[in-house]
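Sequential numbering of the first sequence, starting at 33, is according to our numbering.
Even glycine gets a Cβ: it sits at the ideal position worked out from N, Cα and C.
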Amino acid sequence: MSASISVVVAGDERAVAEQTTAADLFGGERDVVVARINGELRDLAHALVDGDVVEPVRIDEPDGLMVLRHSCAHVLAQAVQQVNPDAKLGIGPPIRDGFYYDFRVDTPFTPEDLKNLEKVMQRIINEGQSFVRREVSDEEALVELAAEPFKCELIGLKGGSSEDAAEGASVEVGGAQLTIYDNVRRDGTRAWGDLCRGPHIPTTKLLGNAYKVMRSSAAYWRGDQANEQLQRVYGTAWPTKADLTAYLDRLAEAERRDHRKIGAELDLFSFPDEIGSGLPVFHPKGGVLKREMEDYVRQRHIEEGFLYVGTPHISKEGLFHTSGHLPYYADTMFPPMQMEGSDYYLKAMNCPMHNLIYRSRGRSYRDLPMRLFEFGSVYRFEKSGVVHGLTRVRGFAQDDSHSYVTKEQAGDEIKHLLNFCLGLFRDFGLEDFYLELSTRDDKNKEKFIGSEEQWTEATRILEEACLESGLDLVPDPGGAAFYGPKVSVQAKDAIGRTWQLSTIQYDFNQPAGFGLEYQAADGTRQQPVMIHSAKFGSIERFIGVLTEHYAGAFPVWLSPVQVLGVPVADEYVDYLRSVLDGLAARGVRVELDESDDRFPKKIRNASKSKVPYVLIAGEDDRAAGAVSFRMRDGSQRNGIPVQHAIDEIVEAIRTKAQV
RNA sequence: GCCGGCGUGGCGCAAUUGGCAGCGCACCUGUCUUGUAAACAGGGGGUUGGGGGUUCGAGUCCCCCCGUCGGCUCCA
């Protein structure tokens, strides 16, 4: 009679036979792909010992999805080496919504290669191969994987922290004990194997046809520009085909919302080659959007106690030495122009100039907090490969402010700025946020200016303000600016993507560099703290974000054209014009379709233009002194008295309503 | 910056092994115009991103540059 052991299964204590595996406990449940044993993810084949606490992990929960995707990455790698036995393996971790695997191959993958890989993967999946864990010593692994230079390199690094090896490398060599996972066919033969920490799904069958090879690209080995580039293949994998389809639909929806596409369709902005990469121009309709935003943001700043200032686009280089920027960012600033014996730089930030405004006269503690704000045009020489629509440009306007405060005021000022940002976003229709706290990288202290105490103090003050907001706070170690830590506000858009918008930075360095002072109540001279903050970061970028958030269907107050008049026939043009004149007199942006298109065509054009209110007038309307509303969703309200219509539209603009 | 893809009227696309640069929308003109996503007819518009090369002949093949897309690295 075999001895029994006691384990806790999904919260219930149970006696089971020795050598019982997680698979024995959950074997009947097909959606259980791995087990969490004493908090650690394990293969279902893992044998339990007395006292183990075991929980099932299902395919559709976060940990289950990670394992599914990681296993799919293995199948991809197996397919690649089946097609090309000379391909060398890099790393292949799960990522958000999918996975990738890096390979060294002589020629990069073509789209046809990717299609073919998908077919080869399907054959592997259909074979129902098992993932079988095998423990190996470092020496054994080095012998077995002698033909895999990257794996050998990872084994060599294992002694240190696997986090240092490469992002994602921990899935290969994460534990103290190296393991190889063999893919075993049903007849018991070994099809393939890979150094891997695991765990894995029990069989490739579970991948079904709910996966897809997405794209390939180059990626630096271990994420370092100095290393060779490998070819990375991205894929996605889901519990069911329906989940995969839903994911692909989400991607298609994101593509439909692409601000570069909508910007062209709605005639908002463009990127003329003649001007240069990353330098957008705003057309009249985009200009309306930009001006409405700027006017509102400027007004709100003034209401919140900011002082509107103005500074030039270029400056002599000495200023950026004083600020400390030039030594850090010279390679991302446009090269200088020589003039009258000086080097002039296009400014990449506004703070040095604001500091000069602060310093232009003696300041008293009574002046603080002093908040300087402007839409400062800055130019940054972004590398050619990163320029992207409006979201990454080389010239843009920052809604930039600098609050000069006493040390004691810093905490309150940060809270004030944070609330101000969040309120602004809500005005623009964004409702869902979280915060990110970027701190100094303790291993790279030379990249950051200032003492241990200063960093600790600044970080503490920022963190307190964040916690008080009640929003989720995500740490971002190493993400700080050289002069101080920062908090950034991340906002979620209509289809769940997050965008970094505001940044608030605590800076104890520039006040010292510029010798900024104020006279305190006791007559002593003190150094203020400056707090940088950009609310939307870049006006251009925020326009891109809003365009995608609304898919071009902006709230009425932001819409370039708010009301479009469409007469049922020529006969009603004059009547409709009189209605529109009434709206224009109330400040509404109106257009009238006087083209010789026929009515259905005008409706089609109106619909494509995404104007919030289409006003239609025909005989019925004119006779009743009314108009008909056609909204963007195609819904219709007929016979609305003219005065009532005007009031309703004006009210929707005033309240920043979405219709 | 690196790797790979792409670049044809304003926009979306086609053009066989290298063999007359085309279509739809938009635009212009004319006829038409009465209720919810495309009336009809005609017309204009191109040094095929730029430069160089191979060839009897290049949108197509080769080289360099520019732009763009997808990633990587970067993002004060």
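Examine the Cβ distances between the region 388-404 and the region 291-300 and report whether three or more of them are shorter than 8 Å.
no
Return the CA-CA distance between SER193 and ASP473, expressed in angstroms with no decimal places.
Residue confidence is low: SER193 scores 47 on pLDDT, short of 50, so the model does not pin down where it sits. Its coordinate-derived value is still stated next. Using only the alpha carbons, I get a separation of about 16 Å.
DSSP bridge partner residues for ARG558 (one or two, in chain order)
Residue identity differs from the one stated: residue 558 is Gln in this sequence, not Arg. In the DSSP output, where bridge partners are listed per residue, GLN558 has TYR550.
What did DSSP end up calling ASP278 once you bin it into helix, strand or coil?
Checking the displayed sequence, the identity of residue 278 turns out to be Ala instead of Asp. In this structure, ALA278 counts as helix in the three-state DSSP scheme.
I'd like to confirm the pairing. Which residues does DSSP put opposite THR354 in its beta bridges?
In DSSP, THR354 forms no bridge with anything.
Limits of the unbroken alpha helix (DSSP H) element including LYS447
442-459
Three-state secondary structure (DSSP) of LYS183:
helix
Are there 16 or more other CB atoms within 10 angstroms of the CB of SER103, so buried, or fewer, so exposed?
buried
Any idea what DSSP makes of SER667, helix, strand or coil?
coil
So, helix, strand or coil for TRP487, using DSSP?
helix
Between the Cα of ILE91 and those of ASP214, ALA178, ASP275, SER667, spot the shortest distance and give me the residue it belongs to.
ASP275
Neighbourhood of THR438 by C-beta, 6 Å cutoff - its chain only, sequence neighbours within 5 removed
LEU400
Specify the secondary structure class of SER194 as computed by DSSP and reduced to three states.
For SER194, the predicted model reports a pLDDT of 46, less than 50, meaning its position is unreliable and no value from the coordinates is stated.
Of the residues SER639, VAL674, ARG662, VAL643, which one's Cα is nearest the Cα of ALA656?
Looking at the Cα atoms, VAL674 is the closest of the given residues.
For THR211, which of helix, strand or coil comes out of DSSP?
strand
Alpha carbon to alpha carbon, what distance is there between LEU227 and ALA585?
Annotation: ALA585 to LEU227 spans about 50 Å, alpha carbon to alpha carbon.
Can you give me the C-alpha to C-alpha distance between ARG155 and ALA173, rounded to a whole angstrom?
28 Å
Hey, out of VAL425, ARG492, VAL691, whose CA is closest to GLY461's CA?
VAL691
Short of 7 Å in beta carbon distance, which residues of its chain neighbour MET381, apart from the five on each side in sequence? Order them along the chain.
HIS357, VAL410
Write down every uninterrupted run of the beta strand (DSSP E) in the region 387-420 whose length is 3 residues or greater and which is fully enclosed by it, in chain order.
Uninterrupted beta strand (DSSP E) stretches at least 3 residues long and entirely within the region 387-420 occur at 402-411, given in chain order.
Please report the Cβ distance between VAL86 and ALA67, rounded to the nearest whole angstrom; I am assuming they are in contact, meaning their Cβ atoms lie under 8 Å.
6 Å
In this structure, does DSSP put PRO88 in helix, strand or coil?
Strand.
By the 10 Å Cβ neighbour count, where 16 or more other Cβ atoms means buried, how is PRO94 classified, buried or exposed?
exposed
Based on Cα-Cα distance, which residue from TYR243, GLU372, VAL341 lies nearest to LYS348?
Taking only the C-alpha atoms, the option nearest LYS348 is GLU372.
Span of the alpha helix (DSSP H) around ALA617:
Taken as a continuous stretch (DSSP letters only), the alpha helix (DSSP H) holding ALA617 covers 605-617.
DSSP three-state call for PHE301: helix, strand or coil?
DSSP, read as helix, strand or coil, puts PHE301 in strand.
Tell me which same chain residues have a C-beta within less than 8 Å of the C-beta of GLN209, skipping the five on either side of it?
GLU167
Nonlocal neighbours in the same chain, by C-beta distance under 7 Å from ASN541, ignoring five residues either side
GLY356, ILE481, GLY482, TYR515, GLY516
Element boundaries [alpha helix (DSSP H), containing HIS434]
Where HIS434 is concerned, there is no enclosing alpha helix (DSSP H), although the beta strand (DSSP E) it sits in stretches over 427-437.
Near PRO181, which residues of its chain fall below 7 Å by C-beta distance, leaving aside the five closest residues on each side in sequence?
LYS120
VAL341 and ILE307 closer than 7 Å at C-beta
Result no, Cβ atoms of VAL341 and ILE307 do not sit closer than 7 Å.
Determine, using beta carbons only, whether PHE131 and GLY267 come nearer to each other than 7 Å.
yes
Counting only the same chain and skipping the five closest in sequence on each side, list residues whose C-beta sits under 8 Å from that of ILE672.
ALA658, VAL659, SER660, PHE661, GLU680
Selection from LEU647, GLN51, THR471 that minimises the alpha carbon distance to GLN486
THR471
Inter-residue Cα distance where the pair is ARG669 and GLY502
42 Å
Give me the DSSP bridge partner(s) of ARG267.
One detail in the question is off: residue 267 reads as Gly in this sequence, not Arg. GLY267 pairs with PHE131, VAL245.
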